[in-house]
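Here the protein sequences come in this chain order: Z and W.
Under our numbering, the first residue of the first sequence carries the number 36, and numbering increases by one thereafter.
Under our numbering, the first residue of the second sequence carries the number 2, and numbering increases by one thereafter.
We put the beta carbon where it would ideally sit given N, CA and C, even for glycine.
Take a look at the structure below.
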Amino acid sequence: MTTRTTTPGVQSRVIGGVGESPLRPDGIAKLKGEFEYASDLVSEGMLWGATTRSPYAHARIVSIDIAPALAIGGVHAVLTADDVPGRALFGLEHPDQPVLAGEVTRYWGEPVAIVAAEDEDTARRAAAAVKVEYEELEPFVDPEEADSTDAVFRRMKIRRGDQEARGTVVVEGFYEVGMQDQAPLGPEAGLAVPDGHGGVDLYATSQFVHVDQEQVVASLGLRPDQVRSHPAGIGGAFGAREDLNLHIHLCMLALHTGQPVKMVYDRSESFTGHVHRHPALMWYRHEADDEGRLVRVEARIIIDGGAYASTTSAVLANACYFAVGPYRCESVAVDGAGTRTNNPPCGAMRGFGAVQVCVAYEAQMDQLATKLGLDPLEMRRRNALATGDVLATTGQVIETPLPVVDVIDSLAAMPIVEPDSTPLPGGSGLTTEPGQVKRGVGYAIGIKNLGFSEGFDDYAQARVRLTAGGAVVETAAIEVGQGLVTVLAQLARSGLGVSRAVVRHVDTSQIDSAGSTSASRQTQISGGATLEAATRLRERIIDRHEGDDLDDEGVWRHGEVVVPMEVLAGEGWEETVTFRHPATEAPDEEGQGVVHADFAVAGHRAVVDVDVELGLVSVVRVDTAQDVGKALHPEAVRGQIEGGILQGVGLAVMEELVMNDGVIANPNFTDYLLPTILDAPDVEALLIEQDGSWGPFGAKGVGEPPTISSTSAVVAAIRDATGKAINRAPVRPQDIAL
Amino acid sequence: MIVEFTLNGAPANARVEKPLSLLDLLHDDLGLPGSKAACEQGECGSCSVILDGELVCSCLVLAADVQGSEVTTVEGVARGDVLNGVQQAMHEAGAVQCGFCTPGIVVAATELFERNPNPEATEIKEALAGNICRCTGYGAIVRALELLAGPR
């Protein structure tokens, strides 16, 4: 990994500050198996919960008989839709999903009843014993039919520029992206503990405890102060933990029984218990002039939201806003639909709409390059968006650094290094003559917004306190594995000037929202709050004591410590800051406006070896250049890049939930394939640092960009190797060999 | 039945009255939460333990079958508070993110380094092929273990 800084970087003046790569504070506990995940929680007198789920994608519930379940020894409660004390529906953006299905089930695996029993086995037996009589209905699973019959959660229409503009070179294409699963290793899990006064404390897997708490309060019919949602140990997230699943159920069972209740989904439940990446159908028409400059882009995009809204509206909007990619174009028409079907609900996954369209627009750019006889990178360079340009879709002027050209030139300059050992496609199972294995190289560039868009009031609160142990950052921002606990401590050190800092997660009653750990936003937004709080605290302390510096020893004046740290720590210093990113606005009827707060770009070059006879692919290496603003913790940035690329590789060649009339055919790790260490390509990463974004020290979010274009680059490389016009991700053996 | 076995070097026993997996016995009954349940069908390696010298997925082993055996879990690979070489190398290389796969990878890599202290990159990858990590892309894990293996 190398870093190219084109503006002066920050020099950390404190050990463990910004720009260094201090070790994770939770690393040792995780390496020793001592870190407590939500699935490890226990409580005195705890019951276990389990869920009765619909075996049909679409059915009418004729009757529910809970008596057989209640008759099992050790069962304390069996609850159905009739027992939901408050609002019957929940939802992240629109409450449209029943807490428990009462009359109709709309997707396979939808919860119908919940039970609490003295142990897990009994709870699961009881859940299976709930007798539900269904009348099976025809599942409605075709997104195109949903679009044509107006079964949609949202439509998007974007029109910009002269709609009559025409180019001299035209390419058209249809593209498809399958349904990917986040597959975090930690299952959905939680523990709800009644407080004895009608309220409840919830410790559960989450990416956003404040929005969980609001939904739990509504469905339990309680006052806000009666529900406290606590950050719990998370085994990965990638978008899967934005929506509620077991949260309201656990609180209902705990309040009903008066006992703590724990629930852990098994893997197949996990596949139905969280939303997935939207599958997409995309029709594109690109027109360019003879020099390869884009003249017009038309796109029609359908993403299938499945049975309930989740974040479909926002994912669709993102897909449409980034439908042209990081390129200039003065004539654009995009029509999008987020459809409602009886497929599993889809919502947030790393990349959030920008991934799907990248598969399409980058294939179009390659087709144009081929027609024009241009190198694929030169084609992109001629259209590269830059600071001061307008986003082709929304017309928003890009005001923060956007080094698209730098990304392209960096990729062009990186040598293709042959890895020490490259397994051939199929590994030891290769039956093809090695001479028949074809090498291919493909490129893709992706762009995405950072933080929440469309006028959402996107903020985070953080508190920094000075204690005898150093700085303490208090936050409700969720650590999902990305290293927020490390970077917030670094920012506190750099802001305050002391070398000891820890992050303490607090519950919803102790601090205001940090917003969601999603949209690549926490380093910028909770990080921004932490840095500002620490910096202000430093200024206040120095002012109060008329000093000129503050460090681990205390306040200094003229080269002498005038207030030692042990005295300072007793003075109760704290500062709380709520940080907001620059305001955005909702789009107008034609999709125009200042919709986004910031952007990031990354590019990937994939090298693949393809067994064209069996249709097997080995991804040899993926090299990348990424716009990071400022790498606050370079090692963690590299971890995001390598991990994000591998999820992109997964979507390119193996990861797809296979649907069979609304039923997931492969809800387990045997049949839903995830990349192993043998599937992981070598990665060379170049970090591009340019100051000017509003994140702390100019940092941009880095979690999503690695996933946006890595899929598309691998698909392009497979096209290059095979010469086939492959138009889908994942690329299946039959797409290559048949 | 009462199952008696050696757990992390010390005698252990547990009452097993149903078809319980070794994973559930360790995690739920014996208070050793390090072995993780992520797929419970032997695909992800998060529950890896060493059973009589062999690396196994504890979700696929019946608890009753460990009678008289030696079991080493992630809790048993460090010496008290001192991390073993695999753990220390992974810590320093930034090879831990969410950490849910980490115990299984520590156990699998520890088993590899016990039988082969200087593995090549291909041997490291082969040894960890049964452990799924969803966060890191494996890069930092490979770097950590290559460093530990030292120059060849």
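- Within 8 Å of the CB of Z:Pro219, the CB atoms of chain W belong to Cys99, Phe101, Arg135, in sequence order along the chain.
- Listed in chain order, the beta strand (DSSP E) elements of length 3 or more contained wholly in the region 263-346 of chain Z are 296-299, 315-323, 329-339.
- The region 443-458 of chain Z makes no contact with the region 606-617 of chain Z; the number of CB pairs closer than 8 Å stays below 3.
- Contact between the region 284-297 of chain Z and the region 181-196 of chain Z is absent: fewer than three C-beta pairs spanning the two stretches fall below 8 Å.
- With its beta carbon at least 8 Å from every one in chain Z, W:Gly10 lies outside the interface.
- Between W:Thr111 and chain Z, the shortest Cβ-Cβ separation is not below 8 Å.
- Against chain W, a Cβ distance below 8 Å from Z:Pro222 picks out Ala38, Ala39.
- Taking every protein chain shown into account, the CB of Z:Leu773 has fewer than 16 other CB atoms within 10 angstroms, so this residue is exposed.
- Interface annotation, W:Pro120: not in contact with chain Z, CB-CB separation never under 8 Å.
- At a cut-off of 8 Å, the C-beta of Z:Glu574 has no neighbouring C-beta in chain W.
- Counting every other CB atom within 10 Å of its CB across the protein chains shown gives Z:Thr376 a total of 16 or more, marking it as buried.
- Within the region 67-91 of chain W, the residues whose Cβ lies closer than 8 Å to some Cβ of chain Z are Thr74, Val75, Glu76, Ala79, Leu84, Gln88, Met91, listed in chain order.
- Annotation: Z:Thr711 to W:Ala130 spans about 6 Å, alpha carbon to alpha carbon.
- Of all alpha-carbon atoms in Z:Gly727, Z:Ala751, Z:Gln545, the one lying nearest the alpha-carbon of Z:Thr40 is that of Z:Gly727.
- Cβ proximity to chain W below 7 Å picks out Asn703, Phe704, Thr705, Leu709, Thr711, Ile712, Leu713, Ala715 from the region 699-716 of chain Z.
- The Cβ neighbour count for Z:Ser183, taken over all protein chains shown within 10 Å, is under 16; the residue is labelled exposed.
- The region 363-382 of chain Z makes contact with the region 322-330 of chain Z, as at least three CB pairs between them are under 8 Å.
- Residues of the same chain with a CB within less than 7 Å of the CB of Z:Ser254, apart from the 5 flanking positions on each side, are Val119, Gly121, Arg122, Phe125, Val134, Ile283 in chain order.
- Nearest CB-CB separation between Z:Lys735 and chain W: not below the 8 Å threshold.
- Relative to the Cα of Z:Pro146, the nearest Cα in the group Z:Glu739, Z:Arg88, Z:Asp583 belongs to Z:Arg88.
- By the Cβ criterion, the region 298-318 of chain Z is not in contact with the region 416-423 of chain Z, since fewer than three pairs of Cβ atoms, one from each stretch, lie closer than 8 Å.
- Taking 8 Å as the threshold, the shortest C-beta distance from Z:Glu670 to chain W falls below it.
- Short of 6 Å from the beta carbon of Z:Ala372, and not among the five residues preceding or following it, lie these beta carbons of its own chain, in chain order: Asp182, Val187, Arg190, Ile337.
- Only Val299, Asp301, Arg302 from the region 290-314 of chain Z bring a Cβ to less than 8 Å from some Cβ of chain W.
- The alpha-carbon separation between Z:Ala564 and W:Ala39 amounts to approximately 35 Å.
- Distance check between W:Ala128 and each of W:Glu115, W:Arg135, W:Cys136 places W:Glu115 closest, using alpha-carbon atoms only.
- By DSSP's assignment, Z:Asp100 forms a beta bridge with Z:Lys166.
- The beta carbon of Z:Glu489 is closer than 6 Å to those of Ala621, Val630 in its chain, skipping five residues each way along the sequence.
- Where W:Cys58 is concerned, the enclosing beta strand (DSSP E) starts and stops at 55-58.
- For W:Leu148, the closest C-alpha among the options W:Gly95, W:Leu33, W:Ala15 is that of W:Gly95.
- Within chain Z, the residues Leu66 have their CB atoms less than 7 Å from the CB of W:Val107, given in chain order.
- Taking C-beta atoms under 8 Å as the contact rule, W:Ala15 and W:Asp30 qualify, at a distance of about 6 Å.
- By the Cβ test, the region 749-764 of chain Z is not in contact with the region 481-498 of chain Z, since fewer than three Cβ pairs between them sit closer than 8 Å.
- When C-beta distances to chain W are compared with 8 Å, the residues of the region 73-88 of chain Z below that value are Ser74, Asp75, in chain order.
- Z:Pro174 sits in coil when the DSSP states are folded into three classes, being neither helix nor strand.
- Taking Z:Gly461 as reference, the option from Z:Val390, Z:Ser551, Z:Leu713, Z:Ala64 with the minimal CA-CA separation is Z:Leu713.
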